[in-house]
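Here is the structure we will look at, set down as C-alpha cells.
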Amino acid sequence: MGSERRELMKALGVRLRGLRMEAGLTGAVLAQRAGVGQPTVSKVENGRMVPSLDVLGRLSVALDLDESTSREVRDLLVAVEAAPDTVELSDADVPAGAVLDEAVRSARLVRSFQCVVLPAMLQSAEYARHVFASAPNSTPEAVGRAVAARVERQSLLYEPGRESVFVLTEAVLRTWPGNPSLMLAQFDRLLAVESLSTVRLGVIPWRRAVPVLPRHGFTLCDERAVVVESFRGERIVDDSDEVAAYEETFRRFEEAALFGSEVRELLLRVMQEFRELEDFATR
Numbered sequence: 035m036g037s038e039r040r041e042l043m044k045a046l047g048v049r050l051r052g053l054r055m056e057a058g059l060t061g062a063v064l065a066q067r068a069g070v071g072q073p074t075v076s077k078v079e080n081g082r083m084v085p086s087l088d089v090l091g092r093l094s095v096a097l098d099l100d101e102s103t104s105r106e107v108r109d110l111l112v113a114v115e116a117a118p119d120t121v122e123l124s125d126a127d128v129p130a131g132a133v134l135d136e137a138v139r140s141a142r143l144v145r146s147f148q149c150v151v152l153p154a155m156l157q158s159a160e161y162a163r164h165v166f167a168s169a170p171n172s173t174p175e176a177v178g179r180a181v182a183a184r185v186e187r188q189s190l191l192y193e194p195g196r197e198s199v200f201v202l203t204e205a206v207l208r209t210w211p212g213n214p215s216l217m218l219a220q221f222d223r224l225l226a227v228e229s230l231s232t233v234r235l236g237v238i239p240w241r242r243a244v245p246v247l248p249r250h251g252f253t254l255c256d257e258r259a260v261v262v263e264s265f266r267g268e269r270i271v272d273d274s275d276e277v278a279a280y281e282e283t284f285r286r287f288e289e290a291a292l293f294g295s296e297v298r299e300l301l302l303r304v305m306q307e308f309r310e311l312e313d314f315a316t317r
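Per the working numbering, the very first residue in the sequence shown carries number 35; after that it's consecutive.
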C-alpha cells in the first residue's frame with residue numbers, strides 16, 4: 035500500500051475516533067447506531083479499512099456531526115480514494131485470518147460455510163499454523179502470534195449466550211495439510227466441539243448435490259456483516275442487501291447438511307480412513 039494512502043487512511047481513522055470519543059460513545063454503541071459491524075468501526079478507526087461513502091454517511095449521522103464536520107470527513111475519504119495504490123488489504127505484518135478472528139470475537143451468532151478449509155473456530159493449533167504459514171509474506175513471528183490469538187478466541191465457543199453454526203462440504207474433511215496424525219488430532223477436536231450445546235456442526239456429504247456451487251468460504255457475524263475469504267485475505271461486507279443474500283445462501287447449504295448422529299458417523303468414518311492412511315505411511 036502506498037505511504038500517502040496509508041497516512042490518509044490513518045488520518046481519517048484518527049479523526050473519526052476523536053469524534054466518537056467526543057460524543058462519549060464506545061465503538062460497539064457507534065456500530066449499533068450506524069447499523070454496521072463493530073469490526074468495521076474498529077478497522078476504519080485504526081486506518082486498516084477504507085469505508086464506503088454509505089458507511090461514512092451512517093457513521094456521521096450516528097455521531098450527529100454538523101454539516102461542516104461531515105464535509106471534513108467526506109473530504110478526507112475523497113483524498114484517500116484519490117491517493118495512489120488502491121490495494122485494500124491491511125498492513126503486511128497482519129497475517130491473513132486476523133480480520134476474521136476479530137469479527138468473530140464481537141459476534142453473538144456466528145454462521146460459517148467452508149468448502150476447502152476448516153472454519154477458523156474449529157482449527158487445531160497445528161492446522162491453524164499451516165493455514166497462516168501458507169499466506170503470502172508470512173513470517174514465523176507473525177504466524178506464531180496469529181495461531182496463539184486464534185486458539186485463545188476459540189474459547190468463545192464455550193460461552194453461554196453465543197451460538198455457532200458451521201456447515202462444511204465433505205471436501206473440507208479430505209483436504210488436509212501436514213500429515214495424517216495432524217488430521218486425527220483435528221478430528222478429535224471436531225467431535226468434541228460437535229457435542230457442545232452452543233455449537234451446531236453440519237457436513238454436506240459428497241453423495242449429496244450442493245444446492246449452490248460454492249465459490250469461496252464466508253462467515254456471517256450476527257446479521258450485520260459477513261467476512262468473505264479469498265487467497266488474498268478477507269474483506270468485511272456490511273451492506274444489508276449483500277448480507278441478506280449470504281444469509282439465504284447459508285440457509286440453503288445448512289438445509290443440505292447432515293447434523294447430529296449422522297454427522298458424527300461421517301466424521302468417524304473419515305477419521306478411520308486417516309488412521310489407515312497413517313498406518314500405511316509408517317510401514
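Don't be surprised by glycine CBs; every beta carbon is placed ideally from N, CA and C. Being a predicted model, the structure only gives us computed values, none of them experimental.
Using 10 angstroms around the beta-carbon of residue i, count the other beta-carbons present and answer buried if the total reaches 16, otherwise exposed.
i: G212; result: exposed
i: V121; result: Only weak support exists for where V121 lies, its pLDDT of 39 falling under 50; the coordinates are left without a value.
i: L247; result: exposed
i: A279; result: exposed
i: L202; result: buried
i: P174; result: exposed
i: P214; result: buried
i: D222; result: exposed
i: A176; result: buried
i: P73; result: buried
What does a CB cutoff of less than 6 Å around residue i pick up in its chain, not counting 5 residues either side in sequence?
i: Q220; result: S158 and Y161
i: P153; result: S146 and F200
i: L97; result: L53 and A57
i: L93; result: A68
i: S104; result: S94
i: L216; result: E160
i: F287; result: F147 and V201
i: K77; result: M83
Short of 7 Å in beta carbon distance, which residues of its chain neighbour residue i, apart from the five on each side in sequence? Order them along the chain.
i: A141; result: C255 and D256
i: L90; result: V107, R108 and L111
i: V262; result: H250, F252, E268, R269 and V271
i: R309; result: L218
i: S198; result: V144, M155, L191, T232 and V233
i: V227; result: L156, L191, V233 and L235
At the level of alpha carbons, what is the spacing between residue i and residue j?
i: R234; j: A243; result: 21 Å
i: L46; j: E268; result: 21 Å
i: R303; j: E296; result: 11 Å
i: D100; j: L143; result: 35 Å
i: L224; j: A290; result: 19 Å
i: L292; j: D88; result: 39 Å
i: P245; j: E276; result: 19 Å
i: E56; j: W210; result: 50 Å
i: R196; j: S229; result: 15 Å
i: K44; j: R241; result: 50 Å
i: L218; j: L300; result: 14 Å
i: D127; j: V75; result: Here the model assigns D127 a pLDDT of 44, short of 50, so the residue's position is not dependable and the matter cannot be decided.
i: R298; j: N171; result: 37 Å
i: D313; j: A169; result: 31 Å
i: E281; j: A62; result: 22 Å
i: R163; j: L311; result: 22 Å
i: L86; j: D273; result: For clarity, residue 86 is Ser in the given sequence; the question names Leu instead. If you take the alpha carbons of S86 and D273, they lie about 10 Å apart.
i: T283; j: P239; result: 17 Å
i: A113; j: A183; result: 34 Å
i: L64; j: V260; result: 18 Å
i: T60; j: Q66; result: 10 Å
i: S189; j: S102; result: 45 Å
i: G294; j: V48; result: 48 Å
Between the beta-carbon of residue i and the beta-carbon of residue j, is there less than 8 Å?
i: V5; j: E115; result: Past the edges of the chain, shown from 35 to 317, lies residue 5, and the structure says nothing about it.
i: V151; j: R187; result: no
i: E79; j: L50; result: yes
i: A117; j: R39; result: yes
i: G71; j: R285; result: no
Just checking my contact of residue i with residue j at CB under 8 Å: how many whole Å lie between their CB atoms?
i: L207; j: V237; result: 7 Å
i: V181; j: F166; result: 6 Å
Enumerate in chain order the residues of its own chain whose CB-to-CB distance from residue i is below 8 Å, with the five nearest sequence positions on each side excluded.
i: Q148; result: F200, V201, L202, T203, V206 and G251
i: Q306; result: none
i: P194; result: T232
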